[in-house]
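One structure below.
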Amino acid sequence: GADKLLTMSTTTSTENSGLLDVLLPQLEKDTGIRVKVIAKGTGAAIRDGIDGNVDIIFVHAKSREEKFVKDGYGAYRLGVMHNDFVIVGPEADPVGIKDKRSAAAVLKAIGKSKARFISRGDDSGTHTKEQALWKATGLSIKTVTTEIIKKGKKRKVSFQHPVGLGKWYFSIGQGMGKTLTYAEEKQAYTLVDRGTYLKYKYGRKEGLDLEILCEGDPELYNPYGIIPIDPEKYSHVKFELADRFAKWLVSPKAQGIIARYKIQGQQAFFPDAVPGAK
Amino acid sequence: MFFLITFKGKRECSAVLYELKNLIKTYDQRTVLNLERLSLEKNKILGLLGPNGAGKTTLLEIMAFLIRPSAGDIWFKKEMVNFTNGKLMDLRRKVVLIQQQPLLFTTTAFKNVEYPLKIRKTPRAKRERIVKELLDLVGMGMFMHASAHKLSGGETHRVAIAQALACFPEVILMDEPTASVDVENQINIERIIKEINRKKGISVIFTTHDMIQASRLADETLFLYEGKVAQSIYENIFSGHIEDDSKGNKYCVLHSGLKLLVSSKKKGPVRISIDPCAVKLNQIERDFSTHNSFKGTLLQLTNEQSKVRALVDVGIPLSVLVPKEVFKSLHLDLGEEVRLYCPEESIDVF
Amino acid sequence: MFFLITFKGKRECSAVLYELKNLIKTYDQRTVLNLERLSLEKNKILGLLGPNGAGKTTLLEIMAFLIRPSAGDIWFKKEMVNFTNGKLMDLRRKVVLIQQQPLLFTTTAFKNVEYPLKIRKTPRAKRERIVKELLDLVGMGMFMHASAHKLSGGETHRVAIAQALACFPEVILMDEPTASVDVENQINIERIIKEINRKKGISVIFTTHDMIQASRLADETLFLYEGKVAQSIYENIFSGHIEDDSKGNKYCVLHSGLKLLVSSKKKGPVRISIDPCAVKLNQIERDFSTHNSFKGTLLQLTNEQSKVRALVDVGIPLSVLVPKEVFKSLHLDLGEEVRLYCPEESIDVF
Amino acid sequence: MDFLIDSFLSALLLIWSMDHELLVIVQVSLKVSAISTLIACVVGIPAGFLIAFRPFYGKRLLITVLNTLLAMPTVVIGLFVYAFISRRGIFGAFDLLYTQKAIIIGQMILIIPIVTTFTIAAISRIDDRYRKTALTLGANIFQTALIIIREARFGIVASIIVAFGRVIAEVGISMMLGGNAKGFTRTMTTAMALEYDKGEFVLSVALGIVLLMLSFGMNVFFNYFQGKARV
Amino acid sequence: MDFLIDSFLSALLLIWSMDHELLVIVQVSLKVSAISTLIACVVGIPAGFLIAFRPFYGKRLLITVLNTLLAMPTVVIGLFVYAFISRRGIFGAFDLLYTQKAIIIGQMILIIPIVTTFTIAAISRIDDRYRKTALTLGANIFQTALIIIREARFGIVASIIVAFGRVIAEVGISMMLGGNAKGFTRTMTTAMALEYDKGEFVLSVALGIVLLMLSFGMNVFFNYFQGKARV
Ligand SMILES: Nc1ncnc2c1ncn2[C@@H]1O[C@H](COP(=O)(O)OP(=O)(O)OP(=O)(O)O)[C@@H](O)[C@H]1O
Ligand SMILES: Nc1ncnc2c1ncn2[C@@H]1O[C@H](COP(=O)(O)OP(=O)(O)OP(=O)(O)O)[C@@H](O)[C@H]1O
Ligand SMILES: [Mg+2]
Ligand SMILES: [Mg+2]
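Chains as they are written, first to last, in this note's numbering: chain E, 1 to 278; chain Z, 1 to 350; chain G, 1 to 350; chain D, 1 to 231; chain R, 1 to 231.
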């Protein structure tokens, strides 16, 4: 019934990957819980939690998630799984990054040779990761801040990027799919999560004209966490259901489903709660 | 006829219908209507005459409670009309105006005439009977289901008259009701006007530019000139300009070339009206004087109660009113040459 | 006057202006115009008469090349008009139509009259002079900068006439040019019509419901009836219905109650026209016959060339044309009772 | 080119298969758009009439403000409504966020200015004699308004068509306030956006074609009225 | 409520700071919207005129199709144009994708039906006597069209305002075809969408308020015409 209905905010990539379409029916079968999924950017998804609009959030931006819990919005965070990012680019690979394993080194090479790089620039998990990687390259980083007013006080909103914005570094402020097509169109490098890449590369008639050039660096791991909203903060949330859902998600059964989920024949997510799940 | 039968006739004794005091209507700072005091009687047919722009339409629209006077008061059947309190609908249901260029609703002729009945919640069957009858009355029965906007000018006008009659009003205001109507239907409409007035006691106020129609149809006539009730007789109005001769005499020269000695202090372009009662009509051989005496042709004679209206072409058509006996004694024939004398007093310069 | 000076007058010898052959116009399967053959002369003033819906406006609009006939051909100045090839503009520049209910553009009176000059690329200074003069000509000089949509009915009509004159056309088509115009300006407009025709050789075709205006102004008149040129005289038209008496005589009973013996095979509702030349006018004491003889009052007498037009009220106003000598010999006075006899042959039932 | 043909064929396939999920989405789209258009008419037509009908102080300013609202981005409307109906907003208790009602509220705000503006434009051109005729024939204010609106119906129906087209094709508000929750607030357009995000361009355009076909059907219906309006 | 006040104050702050980045975004928005509106007028007004002017076979079908196009989702337009101008499309060689030109093409397709539909609606109500008067006074077809459009200007200007409002507030096409590249094709609305995605709601609405202020300024200007149209 309606009382067994949970509202969950998640990132577009989670929904787009199709993983929820196999997880949620099983959840309903096991627990009777139905989930109303609201997919949006990581920032907006966390924001939904802060505003108490949802019962639970399922996102991938570990540091922000931890802050979310620390600030008392989230009851707890459970690591569910991870996938990984890869750096893709044109097959010709003009910068010659193919042999490098370290993501930071790759970006550094791209930055040095001023080869075109497309950034999501939307403050998403991917973008957050990318910013961290650029910082690690040691290239000079510019910080752009905009002053706004929040709760009557001035506050700064900042955004970091390597020098060269608009020349070789393009910040397009769009979702992963759009960023990929943009990169293909411009034959540029970009950072992408493996799931989306697989879909675009093999899931369509006219496969993506970009190749994986860098993968496997642990820095490129992308962990997903589930956080029920703290009922102390918002008394109206269905914490009990949320709690059951979160627990179910880290159960061996759900972890097994995650491990078995394949995109274009390749494993897309790696369970973190029960690492060996099959 | 059903229409004539169901009209609730109340032949009341003559009483005041409209009373207007210091009524003023201004548009963009221009005063187009300025009536100090005017009272119109009930159950009469009133003809409203006056040149273009005299304010006839404006007055009718005020009397139909459609536009608000800029100043002044108006009483309808002894009750003062309040143009602001939004209770005009009750008054409007008693008075109906047929506009100068009637505009029918974008539907059929039938539905147009049916509309006033519909909003008065007349039952459908009765409605149909009345509409048919009214359309027949104005000779538009054939066009019942024609779409109104495709009708010719005169056809439109006649449907509008039927539409107004369907209101079964106490007062009908008609703005040039026969202007574009053909001869047969002019006669017909005049008959209808007379009939609804005589048999049903409906007051009729109509405007026209046809002096003879007015005197034929109306119990009373009213002349408007530049928004005022004209004191001087509104007839034989012409434009011209004032000229002096060497002796200091003042002449008014009309566009047609006619030169009239006048007594006026005005200069430049003026208008004059010539009192048709004060003009002397004579046989050609009797030559009065040197000035203001013109030769002309007798164009038309019209019977007007105890007088004869003669239309004489003296370059322009001049209207002259002569008592019947006097006219008889002159032994004039149509088409004959005659002589007109316009005394200075008969000419009003304004 | 500038306007009259600059008119390029070409007083050509009488020639054919319009020639129409088998011209048909149908609207929604209804034939509203059906002219087998008609030719109109140049440099004339032609009056077009006919009841509402006769097709007058439709004919004028075809002659102005504004609507396309459904069938048939039309020649303008001996050249066949091709309504499909889009070269009508050259023709339209020679002919201008003043519509029955003229609609001015949403701007000032001045700009309205200026428009035809502007599109003819007349220099600005000249334009201004001509517009002023034309507005003065129709007595609208005062309203130069008034916004056109706020003008009264007659004022609008007069500005439209000025606008048409600004086209300096070869042919002017006027649809009821004086219908809502005041008496002074009616005279004025009639004078303008005559002047542009006589002095400048502009052909004028106008419609009217005023028989007397037509005969006063027009060199020729044409009667339209139900889209056809009327063979029978278009006058004294009345509606009524046919009744039989016990002896098999057929009577036409008019709406006014008048009963006329007629010879016709028609039944039910009909219309009749009574030939004004065939009606006999007599003193009251001379009693002809039992039928079709009516007592009436002499309302109006009008001079028409060699004849006198008498308007007699016999319940309805009947028009009678009597030769001048005959009328004189009758010694009739206005307002007198007279007797009318309408022979069966004078009545046309249709 | 292939892509467009593929999309079109997929659209046909979608319709042919009468997929339950598709039906739900179509139904949500139609319901939400129809209700918001209806409300916009109920509010916008009388409002436009009142504004057009007579001069009043500040009329031009009001019209200018209405015109400005036509340029209101859906994001602003979305966030504006969000501020009121989110849990922390003053209507938070009504639990409106991520429901169809929320979409309707947002879309209503989006199209009321459209309907109002065009009603004003349509009515302003209507000859004042219609008003005078109705009044003199004894109509009350309401009946007179109906007559005028009837005469202006060609323009007003056009504005309703535009408004309906605007909301059925609208994605921002539906996404932000509805949340694109499958089975609840997923509309044709949010589904399209989703498929687009996934890179399923063919499916996205196929859904768009289904939407256009639907809209064509609606318009054949509307056209019946607009055609009648021309009599 | 706080949120809206914050946004409003932030908007003032943004304007006050005259941030270079903001100015670029505003400029791109205005330029792109103005050009696409202009093109839509140049195409839509004559097209509307021709359709309204005279009856022809298939007229009603054409109007219905136009009305249907009003419900064209931006995603469909975006993908449609994309299919033509992407590197693989037939116009791929022109390198149009992710440029302002691409946005203009898409937006043009979006609003031409709006301008056309309302031009038809406005012109259909114009008394035929205007046409006859112009023609008989010697106007050619073009001058006659101008007269009729002039008489219908109240409705046509309204449609231009709606069209401009539509494109300046539009986000889908700008995003898909422009790519939201900072400094090149980032418009007010794509910037807003981005901030929204980031969860920076205050900044997003602040940008929206700046846009509305701009649009208000434009409309004061438009209103001058529309007011004149009423003479
Ligand atoms: N809305 C308006 N704004 C400005 N002036 C107006 C308006 N309506 C009428 N007028 C002016 O007021 C005067 C009186 O107009 P009205 O229509 O009453 O004249 P009328 O006597 O009916 O003339 P006509 O015989 O031509 O019908 C005219 O000069 C006209 O130009
Ligand atoms: N567009 C149209 N569609 C259908 N019928 C029409 C159309 N225009 C005119 N008619 C009909 O054609 C007939 C002739 O119209 P027309 O306007 O020529 O008459 P008219 O002689 O000018 O009459 P009036 O004296 O009333 O002006 C009328 O009966 C009218 O109803
Ligand atoms: Mg008048
Ligand atoms: Mg006519």
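All C-beta atoms in this analysis are idealised placements derived from N, C-alpha and C, irrespective of residue type, glycine included.
Selection from the options that minimises the alpha carbon distance to residue i
i: R/L23; options: R/K198, R/V202 and R/A191; result: R/A191
i: G/A15; options: G/K42, G/W75, G/G55 and G/E190; result: G/K42
i: E/L210; options: E/V54, E/N53, E/L23 and E/G89; result: E/G89
i: Z/K87; options: Z/L60, Z/F65 and Z/K132; result: Z/F65
i: D/M108; options: D/S33, D/G178 and D/R88; result: D/S33
i: G/L35; options: G/A230, G/D136, G/Q213 and G/E155; result: G/A230
i: G/N303; options: G/S215, G/S329, G/K56 and G/R271; result: G/S215
i: E/V35; options: E/G256, E/S9 and E/G164; result: E/S9
i: Z/L97; options: Z/G335, Z/A166 and Z/E190; result: Z/A166
i: Z/I242; options: Z/S256, Z/K265, Z/T221 and Z/N236; result: Z/K265
i: E/A45; options: E/E15, E/L24 and E/L19; result: E/E15
i: Z/D275; options: Z/H157, Z/D348 and Z/F110; result: Z/D348
i: Z/P269; options: G/E128, G/P123 and G/G141; result: G/G141
Residue i: CB within 7 angstroms of a non-hydrogen atom of ligand 6
i: Z/T57; result: Ligand 6 is absent from the structure shown, which contains only ligand 1, ligand 2, ligand 3 and ligand 4.
C-beta contact flag for residue i and residue j at 8 angstroms
i: E/Y169; j: E/S119; result: yes
i: Z/Y27; j: D/L137; result: no
i: G/L38; j: G/K25; result: no
i: E/I226; j: E/I56; result: yes
i: E/L290; j: E/G96; result: Outside the modelled stretch of chain E, which goes from 1 to 278, sits residue 290 of chain E, for which no answer is possible.
i: G/L173; j: G/L60; result: yes
i: R/R131; j: R/I120; result: no
i: R/V202; j: R/F53; result: no
Identified DSSP bridge partners for residue i
i: E/I141; result: E/P162
i: G/T221; result: G/G47
For residue i, the three-state DSSP class (helix, strand or coil)
i: G/C277; result: coil
i: D/L13; result: helix
i: Z/L332; result: coil
i: G/C167; result: coil
i: E/P223; result: strand
i: G/D90; result: helix
i: E/Y197; result: helix
i: R/T37; result: helix
i: D/D19; result: coil
i: R/A181; result: coil
i: E/G74; result: strand
i: Z/G9; result: Bear in mind that a pLDDT of 41 at Z/G9, under 50, signals an unreliable position, so the number given afterwards is only what the model happens to contain. Coil, per DSSP.
i: D/T187; result: coil
i: E/D48; result: helix
i: Z/R309; result: strand
Could you please tell me which residues of the region 111-141 of chain D, in chain order, have their CB closer than 7 angstroms to any CB of chain Z? D127, R129, Y130, K132, T133, L135, T136, L137, G138, A139 and N140
When Cβ atoms are compared, which residues of the region 196-227 of chain D fall closer than 9 angstroms to chain E? Y196, D197, K198, G199, E200, F201 and V202
Check your understanding: Just by C-beta distance, which residues in the region 15-38 of chain E are closer than 7 angstroms to chain D?
Key -> N16, K36, V37 and I38
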